[in-house]
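Engineer: Numbering (numbering that gives the first Met the number 0) for the sequence shown: 0 to 618.
Have a look at this one before I ask anything.
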Amino acid sequence: MTAFSNPCSSHQATIKVTEPLTPAEQAVAFRQTPLPLPTNTFGLGLVLGGTVSAGAFTAGVLDFLTEALDEWQQAKEAEDRNVESGRLSEEQRMVPAHNVSLAIITGSSGGGVNGAILSRFLGYEFPHVRLSHNSPANANLAELVPPLMHQGKLLSFSDNPYWDVWINKLRIDGFLTDKAPEQSILSDNAIEDAAHAVARDLTGQLPSIDRRWIHGQFNLVLALTNLRGIPAKIDYPGGRYSLKQSFVNHAEFIRFGIAHSNAAQRSRTKACHESVLLGPLSTTTDWAEFSEFGIATGAFPVGLPAKSLNRCIADYRYIPVKKSRSDGKGVDVCALDIDAAALNSLTGSYPFTAVDAGVTNNAPVELAREYLAGIGGHNKRESHTADRAVIFVDPFAETADVQPLANNSIIEVIKKLILSGVAQSRYHTRDLALAGDINIKSRFLITAFRTNPQSPNDWLLGAQALCSTRIGAFFGFFDAEFSKHDFFLGRYCCQQFLQQQNNFALREDNPVLGMARANRLNMKPIIPLFGTAAIEQKMPKWPVWNTFKAESIKPKIHARIKRVVHALLNNMVNGKEMSWYKKIGADFLIWLNKTAFMSLATNKIIASIENAKNSFPKL
Numbered sequence: 000m001t002a003f004s005n006p007c008s009s010h011q012a013t014i015k016v017t018e019p020l021t022p023a024e025q026a027v028a029f030r031q032t033p034l035p036l037p038t039n040t041f042g043l044g045l046v047l048g049g050t051v052s053a054g055a056f057t058a059g060v061l062d063f064l065t066e067a068l069d070e071w072q073q074a075k076e077a078e079d080r081n082v083e084s085g086r087l088s089e090e091q092r093m094v095p096a097h098n099v100s101l102a103i104i105t106g107s108s109g110g111g112v113n114g115a116i117l118s119r120f121l122g123y124e125f126p127h128v129r130l131s132h133n134s135p136a137n138a139n140l141a142e143l144v145p146p147l148m149h150q151g152k153l154l155s156f157s158d159n160p161y162w163d164v165w166i167n168k169l170r171i172d173g174f175l176t177d178k179a180p181e182q183s184i185l186s187d188n189a190i191e192d193a194a195h196a197v198a199r200d201l202t203g204q205l206p207s208i209d210r211r212w213i214h215g216q217f218n219l220v221l222a223l224t225n226l227r228g229i230p231a232k233i234d235y236p237g238g239r240y241s242l243k244q245s246f247v248n249h250a251e252f253i254r255f256g257i258a259h260s261n262a263a264q265r266s267r268t269k270a271c272h273e274s275v276l277l278g279p280l281s282t283t284t285d286w287a288e289f290s291e292f293g294i295a296t297g298a299f300p301v302g303l304p305a306k307s308l309n310r311c312i313a314d315y316r317y318i319p320v321k322k323s324r325s326d327g328k329g330v331d332v333c334a335l336d337i338d339a340a341a342l343n344s345l346t347g348s349y350p351f352t353a354v355d356a357g358v359t360n361n362a363p364v365e366l367a368r369e370y371l372a373g374i375g376g377h378n379k380r381e382s383h384t385a386d387r388a389v390i391f392v393d394p395f396a397e398t399a400d401v402q403p404l405a406n407n408s409i410i411e412v413i414k415k416l417i418l419s420g421v422a423q424s425r426y427h428t429r430d431l432a433l434a435g436d437i438n439i440k441s442r443f444l445i446t447a448f449r450t451n452p453q454s455p456n457d458w459l460l461g462a463q464a465l466c467s468t469r470i471g472a473f474f475g476f477f478d479a480e481f482s483k484h485d486f487f488l489g490r491y492c493c494q495q496f497l498q499q500q501n502n503f504a505l506r507e508d509n510p511v512l513g514m515a516r517a518n519r520l521n522m523k524p525i526i527p528l529f530g531t532a533a534i535e536q537k538m539p540k541w542p543v544w545n546t547f548k549a550e551s552i553k554p555k556i557h558a559r560i561k562r563v564v565h566a567l568l569n570n571m572v573n574g575k576e577m578s579w580y581k582k583i584g585a586d587f588l589i590w591l592n593k594t595a596f597m598s599l600a601t602n603k604i605i606a607s608i609e610n611a612k613n614s615f616p617k618l
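As structure tokens, this is what we get:
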């Protein structure tokens, strides 16, 4: 399916991409004032970084965060009922009465997938999955909390969308099928199955819920790399000649308006800069087309198939460009100047091919921050004044490896060039620096950490704390036990983060907390823990590595390599006249087909998997 098959409304289809914005559109799309928040409310934005199979960690973080916010909301509602009935007085209230409002999620790659999952299930209650306190010494057993009944049926693990996608669906067998071998090294069967599960009709499948901690103008922004790109220009007027510099923007993002309940969807209209407005009342076709963008944000180039997408070209009218004012005070914002001469059409839909957002820097942090603060604005940072913040969820935060090249061979240079590009496309240094300062209450970081199983007094951080980060972070797909560990670690790390009184907390005299008797020396949590969320999350046990045998998937790896080589060869020698570079490629593939290359490649992959497995700490 190409998303969206009909992306423009009848009105949008007539708007030229070069048509200037009206003052009303400018005020909405390029808002320069802070996002309105109710009294005693702390605004939140989530930035979910790229993960590949480490998305299981981010999934665990979101699963626990959802549970914590739901349990707090239920505790407040229960206390309200007790006060209304006279069982409690106002002075006897114990549950913090301030609110949190999640206003935006920006995501790329696996982070974008998790953002899409949360957005799809905002209007539905589902059981959460925690590490059982009765787990034996050598296993991580899961249990549902709380047990939920719906229409006479006890909900199961597969009813938790995070668990279903990252533990059940995304398994290595689904990446080694015979689908589309000419398009990528791996098949996207597993990803398509996961997307279908997320986009399915949820009517009657799960109980509905009104999550009042979702902002009424909640946005999901998915980052992409647009291989076609959007042509733009900069004019340099003056002198005898008027000069123009053209360029192509490939760092794409799409903004979805998401309503969290039926009532919210009925009362909300799509903002001009939102590509689509979705909610519980939307059709399964709408959600299926939405899921295509979720797949595209994680379409790892060459490894997974690129995605053909379709969106309304008028969407590109709302790309902001900031210009510093001549007096140095603030910025002016205008729309990106689209180069009409480079486009085939100025109206209607715009088809393009997309790959993983990690190829380009889409500035997800800035997108989230400016949605809260307004373009050109700044969020308050001090613990007694802060009223909104961005939380990074980055499983890979760790010490940088800047070893010199072993040599300047072509292979070493190409390898380092790819790694440099990936690193350069990640967060800006200033973003991470602010998130790491405990005195700044407008940016926070959740990353992976745990004790070293070989040395319990030492701690592992970032990639080293996860099971999924070897083999280009594909390792978690090989065995569900690896993903389970990372999922439970995500829940553990999220609870630890929410409980940090010196970090994710505000001073008592902050107006958000609305405390009548405030001690400025005391700190209060932004998200207090109640109900099941207050129960200690155990650190998961390190998996027993000898349960996974790389040899067990060797036949499927060999078969996939063979299919890819044959498909590429057939695609080149299909009877058409070939260009010189295709002839060279065909000759090379024929040579590979005649040699022991495929067996050698298979053995090399198996050896790499075993080496990666052996590099982890062992119990």
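The beta carbon of each residue, even a glycine, is placed where N, CA and C say it ideally should be.
Note that the structure is a prediction, hence the values are computed from the model and not measured.
Pick out whichever of Val358, Leu366, His195 has its Cα sitting closest to the Cα of Val389.
Structural biologist: For the purposes of this step, residue 389 is taken as the residue at position 390 of the sequence shown. With distances taken between Cα atoms, Val389 lies closest to Leu366.
Engineer: Is it the case that the segment 333-342 contacts the segment 299-317, given that we only count it when at least three CB pairs across the two stretches are under 8 Å?
Structural biologist: As far as the Cβ criterion goes, the segment 299-317 touches the segment 333-342, which means the pair count is three or higher.
Engineer: Which first and last residues belong to the alpha helix (DSSP H) in which Gly109 is found?
Structural biologist: Numbered from its first residue, the sequence shown carries residue 109 at position 110. Note, Gly109: alpha helix (DSSP H), 108-119.
Engineer: Beta carbon of Ser134, beta carbon of Ile213: below 9 Å?
Structural biologist: Here residue 134 refers to the residue found at position 135 when the sequence shown is read from its first residue. Here residue 213 refers to the residue found at position 214 when the sequence shown is read from its first residue. No, the pair does not count as a contact, with Cβ atoms beyond the cut-off.
Engineer: Can you tell which of Phe615, Ala298, Asp386, Asn248 has its C-alpha closest to the C-alpha of Ser108?
Structural biologist: Within the sequence shown, the letter at position 109 stands for residue 108. Taking only the C-alpha atoms, the option nearest Ser108 is Ala298.
Engineer: Look up Asn309 in the DSSP assignment and give the residues it is bridged to.
Structural biologist: Residue mapping note: residue 309 aligns to position 310 of the sequence shown, counting from 1. Bridge partners of Asn309: Pro350.
Engineer: Considering only the beta carbon of each residue, do Gly513 and Asn81 sit closer than 9 Å?
Structural biologist: Looking up residue 513 in the sequence shown gives position 514. Looking up residue 81 in the sequence shown gives position 82. Their beta carbons are not under 9 Å apart, which means Gly513 does not touch Asn81 by this criterion.
Engineer: Nearest-angstrom Cα distance between Asn261 and Glu288?
Structural biologist: The residue you call residue 261 lines up with position 262 of the sequence shown. The residue you call residue 288 lines up with position 289 of the sequence shown. Computed Cα separation, rounded: 20 Å.
Engineer: Apart from the five residues on each side of it in sequence, which residues of its chain come closer than 6 Å, Cβ to Cβ, to Ala385?
Structural biologist: As a working mapping, residue 385 is identified with position 386 in the sequence shown. Within the same chain, Ala385 has close Cβ partners Lys379, Lys440, Ser441.
Engineer: Going by beta carbon distance, what residues of the same chain come within less than 6 Å of Trp502, once the five residues before and after it are set aside?
Structural biologist: The residue labelled residue 502 in the question sits at position 503 within the sequence shown. Reading off the sequence shown, one finds Asn at residue 502, where the question assumed Trp. The residues are Ile437.
Engineer: Does DSSP put Asn602 in a helix, a strand or coil?
Structural biologist: Sequence index remark: in the sequence shown, residue 602 carries index 603 (1-based). The answer is helix: DSSP assigns Asn602 an H, G or I state.
Engineer: Exposed or buried, which one is Asp62 when buried takes at least 16 other CB atoms within 10 Å?
Structural biologist: Along the sequence shown, one-based indexing puts residue 62 at 63. Asp62 is buried by the Cβ-count criterion.
Engineer: How many Å lie between Pro304 and Arg92 at the Cα?
Structural biologist: Translated into the one-based positions of the sequence shown, residue 304 becomes position 305. Translated into the one-based positions of the sequence shown, residue 92 becomes position 93. In a straight line, the C-alpha of Pro304 is about 55 Å away from that of Arg92.
Engineer: On the CB-based measure, 16 or more other CB atoms within 10 Å of its CB, does Pro6 come out buried or exposed?
Structural biologist: Indexing the sequence shown from 1 puts residue 6 at position 7. That one is buried.
Engineer: Do you know offhand how far Gly327's Cα is from His377's?
Structural biologist: Here residue 327 corresponds to residue number 328 of the sequence shown, with the count starting at 1. Here residue 377 corresponds to residue number 378 of the sequence shown, with the count starting at 1. One C-alpha to the other measures close to 16 Å.
Engineer: Identify the residues that DSSP records as bridge partners of Thr224: which are they?
Structural biologist: Position 225 of the sequence shown, counted from the start, is the residue given in the question as residue 224. In the DSSP output, where bridge partners are listed per residue, Thr224 has Ala250, Val354.
Engineer: On a Cα-Cα basis, can you pick out the residue from Ala58, Asn98, Thr50 that is closest to Leu505?
Structural biologist: Along the sequence shown, read from residue 1 onward, the residue named residue 505 stands at position 506. Measuring from the Cα of Leu505, the nearest candidate turns out to be Asn98.
Engineer: Using the Cα positions of Asp350 and Glu291, report the straight-line distance between them to the nearest angstrom.
Structural biologist: On the sequence shown, residue 350 is found 351 positions in, with the first residue counted as 1. On the sequence shown, residue 291 is found 292 positions in, with the first residue counted as 1. Note on identity: in this sequence residue 350 is Pro, with Asp being the wrong assignment. Roughly 13 Å between the two C-alpha positions.
Engineer: Going by beta-carbon coordinates alone, are Tyr123 and Gln204 separated by less than 9 Å?
Structural biologist: Here residue 123 refers to the residue found at position 124 of the sequence shown. Here residue 204 refers to the residue found at position 205 of the sequence shown. In contact: Tyr123 and Gln204 (Cβ atoms closer than 9 Å).
Engineer: Just verifying my parser: in three-state terms, what is the DSSP assignment at Asn98?
Structural biologist: As a first step, residue 98 is located in the sequence shown; it is residue number 99 there, counting from the start. Asn98 falls in the strand class under three-state DSSP.
Engineer: Within the same chain, show all residues whose beta-carbon is closer than 6 Å to that of Trp162, passing over the 5 residues directly before and after it, in chain order.
Structural biologist: Taking the sequence shown and counting its residues from 1, one reaches residue 162 at position 163. If we look at Trp162 and ignore the five residues flanking it on each side, its Cβ neighbours are Val128, Phe156.
Engineer: Measure from the alpha carbon of Asp234 to the alpha carbon of each residue in Glu381, Asp338, Ser186, Asn113, then state which is nearest.
Structural biologist: Position 235 of the sequence shown, counted from the first residue, corresponds to residue 234. Taking only the C-alpha atoms, the option nearest Asp234 is Asp338.
Engineer: Rounded to whole angstroms, what's the CA-CA distance from Ala353 to Asp393? Just pull it up for me.
Structural biologist: Here residue 353 corresponds to residue number 354 of the sequence shown, with the count starting at 1. Here residue 393 corresponds to residue number 394 of the sequence shown, with the count starting at 1. Straight-line Cα distance between these residues: approximately 23 Å.
Engineer: For Arg387 versus Gly44, is the C-beta spacing smaller than 9 Å?
Structural biologist: As a working mapping, residue 387 is identified with position 388 in the sequence shown. As a working mapping, residue 44 is identified with position 45 in the sequence shown. Yes, these two residues count as a Cβ contact at 9 Å.
Engineer: Unbroken alpha helix (DSSP H) runs of length 4 or more, entirely within the segment 160-201: which are they?
Structural biologist: DSSP runs (the alpha helix (DSSP H)) wholly in the segment 160-201: 188-198.
Engineer: Write down the C-beta distance between Val543 and Asn137 rounded to the nearest angstrom, noting that I regard them as a contact closer than 8 Å.
Structural biologist: Taking the first residue of the sequence shown as position 1, residue 543 is located at position 544. Taking the first residue of the sequence shown as position 1, residue 137 is located at position 138. Going by Cβ atoms, the distance from Val543 to Asn137 rounds to 6 Å, so yes, they are a contact pair.
Engineer: Using 10 angstroms around the beta-carbon of Asn509, count the other beta-carbons present and answer buried if the total reaches 16, otherwise exposed.
Structural biologist: Taking the sequence shown and counting its residues from 1, the one referred to as residue 509 is at position 510. Label assigned to Asn509: buried.
Engineer: Please specify which runs of the alpha helix (DSSP H), each continuous and at least 4 residues long, are wholly inside the segment 263-296, giving them in chain order.
Structural biologist: As far as the segment 263-296 is concerned, its whole alpha helix (DSSP H) runs of at least 4 residues are 283-295.
Engineer: Just the Cα atoms here: how many angstroms apart are Phe529 and Glu70?
Structural biologist: If you number the sequence shown from 1, residue 529 lands on position 530. If you number the sequence shown from 1, residue 70 lands on position 71. Each residue's alpha carbon lies about 6 Å from the other.
Engineer: In whole angstroms, what separates the C-alpha of Ile556 from that of Thr601?
Structural biologist: Here residue 556 refers to the residue found at position 557 when the sequence shown is read from its first residue. Here residue 601 refers to the residue found at position 602 when the sequence shown is read from its first residue. Looking at the two C-alpha atoms, the distance is approximately 6 Å.
Engineer: Lys548: which of Leu154, Leu219, Ser607 sits nearest, CA to CA?
Structural biologist: As a first step, residue 548 must be located in the sequence shown, where it is residue number 549. Measuring from the Cα of Lys548, the nearest candidate turns out to be Ser607.
Engineer: Is it true that the CB of Thr283 sits closer than 9 Å to the CB of Arg368?
Structural biologist: By 1-based counting over the sequence shown, the position of residue 368 is 369. By 1-based counting over the sequence shown, the position of residue 283 is 284. Result no, Cβ atoms of Arg368 and Thr283 do not sit closer than 9 Å.
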